[in-house]
Amino acid sequence: MDLYRSKAAIVGGLTPLVDVLARRGVAPDAVTLAAIPVAVIGGFCLLLSPLVPPVLLAVPIIVAARLVLNLLDGALARSTGRIHPRGELYNEVGDRICDVALIAPVAFLPGADGRLVLLGVVGSLMASFVGVAVRAAGGERLYRGVLSKPGRMILLAVFAVAAFVGGPAAWGWFGPILLAGTSLTFVDRLATGIRRLA
């Protein structure tokens, strides 16, 4: 599920939208920060789903919006020449907030193993931390892994639909898969970072 390999092709398809945003003077930072309320809404949909199951069908749309916004901000910054260190800070902090806002609510849903889900969230944060730390140490920012950010979001979207179709019991496998995937991603990035910084 290392979907960063297809990032360039996806960004290329967003060029018309990037051009529209550039002409309208939209700041890349605004696009970055817009992903946070989108993720929070997704989290509320998950928490509301035991009472209103159809809101689960909004989760894949929200996940897609979050990923598109994440691609747009960088493309817009490069297109307009508005690249600055603060933008990278917004991007990294915003990504971590979005991950927690979208994934952690699953821990409180019927059928889910809350402890494993929360440990999986910690695993995703640790994997992201390693990716950033390698860059801070002089290497290249690491995005690789069996369950990188796009993979986590697709996993969440798939399970949201499965829970709508099959009921709360479908969440039972989400925590174990999330924890296993983020743990492997953490180990992979750590090993890669050590090797490249040697």
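All residue numbers for the sequence shown refer to the working numbering, where the first residue is 882 and numbers rise by one.
For glycine and all other residues, C-beta sits at the position ideal for the given N, C-alpha and C.
Keeping to the same chain, check which residues put their C-beta closer than 8 Å to that of Val-901; ignore five residues upstream and five downstream. For Val-901, there are no CB contacts under 8 Å within the same chain when 5 residues up- and downstream are skipped.
Have a look at Thr-1073 and Leu-938 and give me their C-alpha separation to the nearest angstrom. Here the alpha carbon of Thr-1073 sits roughly 37 Å from the alpha carbon of Leu-938.
Boundaries of the alpha helix (DSSP H) in which Glu-973 is found, first to last residue: Unbroken alpha helix (DSSP H) run through Glu-973: 966-984.
Enclosing alpha helix (DSSP H) for Pro-1031 [first to last residue]: Counting along the chain, the unbroken alpha helix (DSSP H) around Pro-1031 starts and ends at 1030-1047.
Inter-residue spacing [alpha-carbon to alpha-carbon] between Val-1003 and Gly-893: Each residue's alpha carbon lies about 32 Å from the other.
How many angstroms separate the CA atom of Ala-922 from the CA atom of Val-944? Going by the sequence as given, residue 922 is Ile instead of Ala. Each residue's Cα considered, the two are about 10 Å apart.
Three-state class that DSSP yields for Val-899 in the structure shown: Helix at Val-899.
Following the continuous alpha helix (DSSP H) through Ala-993, name the residue where it begins and the one where it ends. Here Ala-993 belongs to no alpha helix (DSSP H), and DSSP marks it neither H nor E.
Nearest CA to the CA of Ala-1050: which residue from Leu-927, Pro-934, Pro-991, Phe-1010? Nearest option by C-alpha distance: Pro-991.
Quick one: grab the DSSP three-state call for Gly-1020. DSSP places Gly-1020 in coil when its eight states are reduced to three.
Suppose the cutoff is 8 Å on Cβ atoms and the five residues either side in sequence are ignored; what does the same chain contact list for Leu-1078 look like? Closer than 8 Å at Cβ, skipping near neighbours: Val-1015, Ala-1018, Gly-1019, Gly-1020.
Can you tell me where the alpha helix (DSSP H) with Arg-1070 in it begins and where it stops? DSSP places Arg-1070 inside the alpha helix (DSSP H), whose first and last residues are 1055-1078.
Going by DSSP in three states, Val-1027 sits in which element: helix, strand or coil? Here Val-1027 carries a coil assignment [DSSP, helix/strand/coil].
What separation, rounded to the nearest whole angstrom, lies between the Cα atoms of Val-1039 and Asn-972? Counting only the Cα atoms, Asn-972 lies some 25 Å from Val-1039.
Hey, could you find the ends of the alpha helix (DSSP H) Val-936 is sitting in? Segment: none, Val-936 is in no alpha helix (DSSP H) and carries neither H nor E.
Excluding the 5 residues preceding and the 5 following Ala-916 in the sequence, name in chain order all residues of the same chain whose CB lies nearer than 7 Å to its CB. These residues qualify, in order along the chain: Arg-947, Leu-950, Asn-951, Gly-975, Cys-979.
Which of helix, strand or coil DSSP assigns to Val-1003: Val-1003: helix per DSSP, three-state reduction.
What residues in its chain sit with their C-beta under 6 Å from that of Val-930, if we drop five residues either side in the sequence? Note that residue 930 is Ser in the sequence shown here, rather than Val. For Ser-930, the CB contacts under 6 Å within the same chain, skipping 5 residues up- and downstream, are Val-936, Leu-937 in chain order.
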